[in-house]
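Participant:
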Amino acid sequence: MPRRKQQRHRPIGEDTRIAVNLTIKKLLETQDQKELEFPSSYTAEERAYIHELARELGLKSKSRGKGMNRFLTVYKREGSTIVQADAVIKLRKPSKQSIYNLMQSFPLNHKECQDLLPPIERERPLNNDVNTNTKTMGRLNNSIPQVPQLKTNFDVLHFRKSLPIFSAREEIINALNNHQVVIIAGETGCGKTTQVPQYILEHYQQKHQACRIICTQPRRLSAVSVAERVAFERDEKIGQTFGYQIRLESRVAPKTLLTYCTNGVLLRTLMGGDSALTTLTHIIVDEVHERDRFCDFLLIALKDALVKYRSLKLILMSATMDISIFAKYFNKCTVINVPGRSYDVDVYFLEDILKMTGYMTKEMLIKKKEFLKCKDKQKTLESWKQYKPQHSNRNTRSEKNVLPAPILAQQNDPIPEKVKLEPWLIEEMDKSIFDAWVNGREDNFAQLLHFILSENVSVDYQHSETSITPLMAAAVRGCINTTEQLLNLGANLHLRAVNDYTALDWAKSRNHTECAELIEAYMKTYDCVVPNNELAHVTDTTSLSEEDKLLLDVYHHTFNDDNIDYNLLLELIFYIHVKMPPGSILIFLPGYDDIVTMRERINAEEKRMNQNLRYNLYVLHSNMQTCDQKKVFKPSPQGTRKIILSTNISETSITIDDVVYVIDSGKVKEKSFDAISGVCTLTSNWISQACAKQRKGRAGRCRRGICYRLFSSVRYNNMQLYQTPEILRLPLQELCLFTKHLTPGNTPIAEFLDKALEPPSNVVTRNAVQLLKTIDALDPWEDLTELGSHLLDLPIEPRLGKMLLYAVVLKCLDPILTIVCSLAYKDPFILPSQPSQKRALTAARKKFATGTYSDHMVVLRAFQGWQNARAAGKERAFCEKNFISAPVMEMVVGMRTQLLGQLRASGFVRARSPGDIRDLNSNSENWAVVKAALTAGLYPNLIRADREHMQLRTQKEVKVFFHPSSTLRDYPKSPRMTSAQTHAANVQTLPCDWLIYEEMSRTGRFCHVKVVTLVNPLTVALFSGPARLPMNIICETEAVPESESDSEVDESHEGTIFKLDDWVVFKLDPETAQLFLYLRQKWNALFLRRMKAPSKAMSALDEKVINTLVTVITNEEQACGLQQPAGIGQRPRPLIVDYYPANVRRDDYPEVSP
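Residue numbers (this note's numbering): 3 to 1156.
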């Protein structure tokens, strides 16, 4: 048994003693602070004093390092993320021998050592070199302005003159002659996108002056289709005077004077320096109302450029933009308003659609009968409302700021089923609620609380006739104390009376402000969300007839309108197709999965649909190849109706002339980002009124049109006027990288983004910059690194781009490409509609995991299984059995090919070996290598298992749990096991201590991690953290006799410490430390060389380093007991899908026989 140390006086200065006491006391008093680090300048005696004081105060302490590098940390026993036991790296004998052999043949040279040191001062020459050598891929060419030599297509001249924009031609030209910035607000269909550039060219042709115009579009399809239309109107082939340029596809020539491009292409052009603007006379930014992040970012750059290039003209165009914000941004510039076409568009809302189609499900019929019965109950409630208060019990709380504490079971446990009450008790409860409502005396509410606490009556009991709850009765009387007691008992804030009022509504209706504030504060504090019932006091509904109100109420009580009602949509399509005159139907849906579902539903009704008129079905999506998208513009044969299923890609710029009917689901798929949690989600959200107006404008192109809105007029009136700008709801890492290419070197990123139309918050910008520094995309001075420069070329989040580039160098490209695309898009698994099927979904996930402790493996295996099933003609059965979304998998195919094309264009994938697609997959079968690339990309998302407390910890979170969707989370082994015991059992079964994760979310007090993979310690140490580390990153520890130790918990033997960052620290023996550090440096030197020259073939040294690295991490993986699954390097099968992104070589993967 170890001897207890005797307390002894430590000879340290009083000032130090006082300072230490005050500092540690502050740590104890500060709830959020979990740990405290003391500098290495403290002496051994001073550190020993700190250890003793920490122990006396119930804290823990730990010393590491040697001599000048010895540091001490004091931390709380509960709440610190420090794991008491040191993480250890051990190398097995074969691994040591492999590294030693490499070291003997290829020792670190001086240049490699220098390249791997962190810069001590700003290295301007290197930074400039990175910027100037950035590839010109994806940029506009630098053709010089020329005098236009225009042709005329007389067949369309009359049509051009009939467009509403024609009447404003002279006004537009005059405005451009006298102002540098002009805003054109033209209604949809007025012709602004195709005609304004032509007016400018015609004007310069008349003046015999040179010009060159760029017109940006938010989407690739818009840029291509509009350019082709203008070329047709000028009787030219595309790619001569008129052209387009989009990512990986262009049709331009040196004599091109009007180029349509995406916002991203113009941004990349400006990244090469604003000298590109010297060859331009006009820039037109179209559809600025969409406010995508590239558009807002582009406007910052152009506003700055206008000061320098005074002859440059800027035109902003849109149909539904907020003119005031743009006019103010550009100093009250000239605004020209242009009316739309003369064809009217009739609008029908959900209430009209339900009546005209006669749509009524069984559930709706039942609910309608219930609502008709409710009318009698509402009469009873109206009679209650006539009672005047006979007694006031508006008591107040002694402390207004004190919130009722929620019952814990309410927050975390399922709500128990209501107990069936005896008839006498129902009668008594109804009488008590009525008495409390009418009289409002303290004894009335005391009786109610007695029944709730003593007679097993639910706190949410609702009056038999009026549905009034005890909480509503307390709220209507303004009884603060009773309201607080009921909230403490877990009263449901969202229950409604027969008139649809909640407790909060009742409190507000009687002007009980304090009671209403209490309920609202409770909702905000405990994350209660009020269900969105669009008829509940959100706007004036008096314009609706009683019939419409009833119909909408019935519909919304039987269907959640956050989803798409495919049944109603199908009935509406059939109604239009059978009963309405000829004309194409354009249907706006939020995402590709909705499009595929609807396409299958329509085709399943083919016999019914083709009774009177045939139909052709088309799909429009941004990931389709442009040549496939063009088919939708061709007119349908006589006797055939065109039905187009589209995302919001059809909302702007493009015009399908024969569209007469528009069906608007009112939804759009949007990404949103939580800067605090770092979680990015793709959800289906309601559009703005401006977007609804744009969609309506797609109808009536050739005659009077009709727009059917699958949402009520009440919903429309409460929509946002304009969509939230992307720059305010998306992660800014990509824009931060763009900033460094666009701004002078000394300009901070936050300062540049503050100049946006609506700047993002400082927290979002600061977090984005810090993450880019952490992943080595930016250096400490916010300058681009070699890695950061390449991440700009990849249309995915930077961390996923880093993962992909590591896979290229490690030669495990295919598996990572699949995983990256799945992470970038969405989870391919569908949540079952029946709770009983959730176990089956969990079993399916675990089957794909194949005992690898990896959710990333699940995604990879699911994709491979889907491809095999599709090739065998068993896709539907496979998807149904495994709860997999086929549309998501098809999207992954398209994204894979797009990213592969980008890697080829960047030089990372060569046409021939070495460096071709086969060579870059030579390690794809090795799961340990694939996990190395995952680790590099997901850092700093690391988890470490604390074996002492059986908890999972991250750098910032004391306790994290596996998300229910993770295959690393097991079910309790017996019904008696608590969730804490189950979690501890999960931690105990992990073969090693380190995990990587994709996403963390917080639910109340708990943090859950999704998409998790177990990795061995050596993989973390080799592939995490910055590539450039200081020379003293490894320091020796010293063996300290117990009597002289200054540490409560210290090293028990000699060793070496490797501190990767403020949280990740490893202990190694001296020999392992030398070999490990050599291998890490050799690898990082190789990776940096590849980033500097991606198209250069690997040398014999590079190949040897990769082979040694693969051997070592494979050995250590096996030593941890982690198995090597078979078949993970399976080559993707060539698939024919509805889209292939432009410029993708389908011979990248040869045909594979099933």
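C-beta: ideal position from N, C-alpha, C; glycine also.
Determine the closest residue to A846 out of S856, T854, A864, with distance taken between C-alpha atoms.
Facilitator: For A846, the nearest C-alpha among the options comes from A864.
Participant: For my contact list, K153 and E238 are in at a C-beta cut-off of 8 angstroms; report their separation, rounded to the angstrom.
Facilitator: 6 angstroms
Participant: Compute the distance between the beta-carbons of I185 and P199, then report whether it is under 8 angstroms.
Facilitator: no
Participant: Take S252 and list the residues in its own chain whose beta-carbon comes closer than 8 angstroms to its own, dropping the five residues that flank it on each side.
Facilitator: G245, Y246
Participant: With three or more C-beta pairs closer than 8 angstroms as the rule, is the stretch 630-650 touching the stretch 589-605?
Facilitator: With the rule of 3 Cβ pairs closer than 8 angstroms, the stretch 589-605 counts as touching the stretch 630-650.
Participant: So for V132, helix, strand or coil by DSSP?
Facilitator: Its pLDDT being 40, under 50, V132 is placed unreliably in this model, and the value from its coordinates should be taken loosely. Helix.
Participant: In or out: G917 buried (at least 16 other Cβ within 10 Å) or exposed?
Facilitator: buried
Participant: Who are the near neighbours of C709 in its chain, counting only those whose CB is closer than 6 angstroms to its CB and skipping five residues on each side?
Facilitator: V347, V349, V664, K698, A701
Participant: Would you please state the rounded distance, in angstroms, between the beta carbons of P817 and S824? I believe it to be under 8 angstroms.
Facilitator: No, P817 and S824 are not in contact; Cβ-Cβ is about 11 angstroms, not under 8 angstroms.
Participant: With 16 as the cutoff for other CB atoms within 10 Å, does S456 come out buried or exposed?
Facilitator: exposed
Participant: Whose C-alpha, out of V500, C1009, W996, is nearest the C-alpha of S1026?
Facilitator: W996
Participant: Less than 6 angstroms between C-beta atoms, sequence neighbours within five positions excluded: which residues of the same chain meet that for Q1132?
Facilitator: Q866
Participant: Is N650 helix, strand or coil by DSSP?
Facilitator: helix
Participant: Please determine, among L1079, V1067, I821, G790, the residue with the shortest C-alpha to C-alpha distance to V932.
Facilitator: I821
Participant: So, helix, strand or coil for F1176, using DSSP?
Facilitator: Only positions 3 to 1156 of the chain appear in this structure, which leaves residue 1176 out of reach.
Participant: Roughly how many whole angstroms lie between the Cα atoms of Y973 and V670?
Facilitator: Each residue's Cα considered, the two are about 37 angstroms apart.
Participant: Please say whether T1015 and D857 have beta carbons closer to each other than 8 angstroms?
Facilitator: yes
Participant: Let's test the definition: count the other Cβ atoms within 10 Å of the Cβ of N458 and tell me whether it reaches 16, buried, or not, exposed.
Facilitator: exposed
Participant: Residues in the same chain with beta-carbon distance under 7 angstroms from K636, minus the five sequence neighbours each way, listed in chain order, please.
Facilitator: none
Participant: Going by the beta-carbon positions, is the gap between T484 and F447 smaller than 8 angstroms?
Facilitator: yes
Participant: What is the C-beta distance between R49 and I1059, in whole angstroms, given that I count them as a contact (C-beta under 8 angstroms)?
Facilitator: Not a contact, Cβ separation roughly 16 angstroms.
Participant: What residues in its chain sit with their C-beta under 7 angstroms from that of T18, if we drop five residues either side in the sequence?
Facilitator: E48
Participant: Is P1019 buried or exposed, if buried means 16 or more other CB atoms sit within 10 Å of its CB?
Facilitator: buried
Participant: Output the boundary residues of the beta strand (DSSP E) element that contains V1067.
Facilitator: 1067-1070
Participant: Note down, in chain order, each residue of its chain lying with its Cβ closer than 6 angstroms to the Cβ of A809, except the 5 sequence neighbours on either side.
Facilitator: Here the set comprises L815, I818, A935.
Participant: What's the gap between the Cα of N176 and the Cα of I338?
Facilitator: 11 angstroms
Participant: Could you say which of F299, A187, L944, E1118 lies nearest to T336 if we only look at CA atoms?
Facilitator: A187
Participant: Pop quiz: L495 and T504 are said to be a contact at Cβ under 8 angstroms. What is the actual Cβ separation, rounded to whole angstroms?
Facilitator: 7 angstroms
Participant: Given T1113, which residues of its chain have a CB within under 6 angstroms of its CB, disregarding the five upstream and five downstream residues?
Facilitator: S100
Participant: Below 8 angstroms on the Cβ atoms is my guess for A438 versus D462; work out the distance and round it to an integer in Å.
Facilitator: Contact flag wrong, Cβ pair sits at about 15 angstroms.
Participant: Going along the chain, which residues of its own chain have a beta-carbon closer than 7 angstroms to the beta-carbon of H985, five neighbours each way excluded?
Facilitator: F963
Participant: Here's the rule: buried if 16 or more other CB atoms are within 10 angstroms of the residue's CB, otherwise exposed. What is H623?
Facilitator: Under this definition H623 is a buried residue.
Participant: Residues bridged to Y246 by DSSP?
Facilitator: Looking at the DSSP output, Y246 bridges to R253, Y262.
Participant: Between Y827 and M897, which are expected to be in contact by the criterion C-beta below 8 angstroms, what is the C-beta distance as a whole number of angstroms?
Facilitator: 6 angstroms
Participant: With DSSP collapsed to three states, give me the class of E672.
Facilitator: Strand at E672.
Participant: For T741, which residues in the same chain have their Cβ closer than 6 angstroms to its Cβ, ignoring the five residues on either side in sequence?
Facilitator: I751, F754
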